[in-house]
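Each residue of the sequence shown is one higher than the one before, starting from 1 at the first, in the UniProt record's numbering. Note that the Cβ used here is the ideal one computed from N, Cα and C, for glycine as well. To keep things clear, I will list the structure first and then write my remarks on it.
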Amino acid sequence: MEAFLLKQTLKNMRKLENSELERKSIEAFKESKKTPIILVLDDIRSLHNIGSVFRTADAFLIEKIYLCGITATPPNKEIHKTALGATETVTWEHSDNVLTVIENLKKDNIITLAIEQVESAIFLQDFKVENNKKYALVFGNEVYGVSQEAVALCDGSIEIPQLGTKHSLNISVSAGIVVWDLFQKINWPA
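This is how it looks when you write it as structure tokens:
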């Protein structure tokens, strides 16, 4: 019976047209209440990864992105290929030094979390968001991850559990996973 219902549901599904998706204008996006999450990208080499993170930030109304160190900044045609205009909506700022950014965020009472595999990390599924708190998620370089200095400066660390033979994910994939998880915990607490 379940297979039959699934077949019936699939028959009645129609892909929505872009015009039906009620997308925000750039102005409406900028005026929208933002999700209390800030993304910090440190020494990200891939322009496509940067663009993908912008697109994720746009999708979930992320407050701001800090582009640190060698991380490239818009305007850039390679970033644009994956950002698809999200560099026009999401607020961003460049800083030469990720440690300075983390220190300043902490001074503003923003909870800073390295997304990294470290001792005492909290697995993502176990992380609990606190009401009325703002979070800064620090993502590191594709090869070296978040630097030890940045990890030590953060308030804590979140680890994405991985069960296969590989022990790392692409930074844009990691950002998407963690942002979605925190977004849904903030907006639809259990």
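Item                                                                                                                                                                                                   : Value
With a Cβ-Cβ cutoff of 7 Å, do T112 and I102 count as a contact?                                                                                                                                       : yes
Using only alpha-carbon positions, find the residue among D58, S52, N131, D181 that is nearest to I115.                                                                                                : D181
Could you tell me which residues DSSP puts in a beta bridge with N141?                                                                                                                                 : G145
Quick check for students: name the residue ranges of the beta strand (DSSP E) that lie wholly in the UniProt domain "tRNA/rRNA methyltransferase SpoU type" (37-179), counting only runs of 3 or more. : 62-68, 92-95, 111-115, 135-139, 156-159
Write down the C-beta distance between I110 and Y135 rounded to the nearest angstrom, noting that I regard them as a contact closer than 8 Å.                                                          : 7 Å
Considering only the alpha carbon of each residue, which of L137, K185, G176 lies closest to V98?                                                                                                      : L137
Please list, in chain order, all residues of the same chain as A190 whose beta carbon is under 6 Å from its beta carbon, the five residues on each side excluded.                                      : none
Please determine, among I62, L84, H94, T89, the residue with the shortest C-alpha to C-alpha distance to I70.                                                                                          : H94
Compare the Cα-Cα distances from V173 to each of I50, K15, Y66, I79 and report the closest residue.                                                                                                    : I50
What is the C-beta distance between A175 and L39, in whole angstroms, given that I count them as a contact (C-beta under 8 Å)?                                                                         : 7 Å
Judging by CA-CA distance, which residue of Y144, H80, A59 is the nearest neighbour of K30?                                                                                                            : A59
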